[in-house]
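As structure tokens, the structure follows; a few thoughts come after it.
In my numbering, the protein residues as written are 1221 to 1524.
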């Protein structure tokens, strides 16, 4: 068991190193980070629509005065009026930016996965068409994520009269919420690992990476805030710099985890397809040797 685990970890490390997973994770993280901007524009658009109501505008103005006490009321009111007047333009820009950046993100995922899985990459037009389909899938999952908290509240509300005294267990409700979140993450990741590699993979090459990533993300969501509060000294750089550093670190960790799950799936698929894990196909190895003349002397030296 220990030897098999050691061989598996070694195969994972070799594949991740050979395919430059850390470098491709930076590419994916960059496109993932850009998605923050259309999301911020979308929030501004929603705020502009809410400002059509005078009562809501008064409430928002009062909250802003509490957040920015040194800012004059006329300045805040003028800003809200401009936001309300330009909400349509902001919404259009948010849609266009979301489509473009979303397509770039899924294109980066396709480029990374076709290298990890050793499959053919999609062409430019096919990649954009695939990206639009995945954006529609993401929209459905976002709608589901909005409905899930309501469903969880409904489930938790029905735990008051459980038999055998289960309603007295305080952590039972938290366990239900955590399990629901992990299940949603697992389903989303299964769709990603099944749909992104061209040609689609069988179930046995989908669920291992999805399970790894969902569990890793759940652990990170619990450990990372504790690390920032108790151990990290990143707050010494100031609020803005600290926020940027934390965001960059989180996006890179998320992208690295996604690609690590892809490596796990690729190795499992290769093991079931060929009966062994070779690290690279012969065709891919020949391409590497053709592109990098140093590969062949190094391989001959190791063989000697």
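Where is the CB? At the ideal position from N, CA and C, for every residue including glycine.
- Secondary structure at residue 1348: helix, using DSSP grouped into helix, strand and coil.
- Going by C-alpha positions, residue 1486 is about 13 angstroms away from residue 1416.
- Leaving aside the five residues that flank residue 1241 on each side, the residues in its chain whose CB is nearer than 6 angstroms to its CB run, in chain order, 1479.
- Here residue 1318 has 1258 as same chain residues with Cβ atoms under 6 angstroms from its own Cβ, once five neighbours each way along the sequence are excluded.
- Measuring C-alpha to C-alpha distances from residue 1426 to each of 1477, 1476, 1484, 1399 identifies 1484 as the nearest.
- The residues 1406, in chain order, have a CB closer than 7 angstroms to that of residue 1431 in the same chain once the five nearest residues on each side in sequence are set aside.
- Nearest C-alpha to residue 1300 among 1248, 1314, 1284: 1284.
- Across the structure, residue 1348 and residue 1327 are spaced so that their CA atoms are roughly 7 angstroms apart.
- Counting along the chain, no alpha helix (DSSP H) covers residue 1272, and no H or E run does either.
- In the DSSP assignment, residue 1246 falls within the unbroken alpha helix (DSSP H) covering 1241–1254.
- Shown here, residue 1258 sits in a helix according to DSSP, grouped into three states.
- Between residue 1429 and residue 1468, the alpha-carbon positions lie close to 23 angstroms from each other.
- Residue 1343 sits in coil when the DSSP states are folded into three classes, being neither helix nor strand.
- With a cutoff of 8 angstroms on beta-carbon distance, residue 1307 and residue 1265 are scored as near each other.
- When C-beta atoms of the region 1237–1252 are compared with those of the region 1265–1279, fewer than three pairs fall below 8 angstroms, so the two segments do not count as touching.
- Around the beta carbon of residue 1248, a 10 Å sphere encloses 16 or more other beta carbons of the protein chains shown; the residue is thus reported as buried.
- Straight-line measurement puts the Cα of residue 1355 at about 18 angstroms from the Cα of residue 1263.
- Judged by DSSP in its simplified three-state form, residue 1338 adopts coil rather than helix or strand.
- Between residue 1270 and residue 1471, the beta carbon gap of about 29 angstroms keeps them out of contact (Cβ cut-off 8 angstroms).
- The DSSP-derived three-state label of residue 1417 is coil.
- Exclusion of the five residues before and after residue 1418 leaves 1339, 1340, 1342 as the residues of its chain whose Cβ lies within less than 6 angstroms of its Cβ.
- Spatial neighbours of residue 1335 in its own chain (CB-CB distance under 6 angstroms, excluding positions within 5 residues in sequence) are listed in chain order as 1239.
- Residue 1230 counts as exposed, since fewer than 16 other beta carbons sit within 10 angstroms of its beta carbon.
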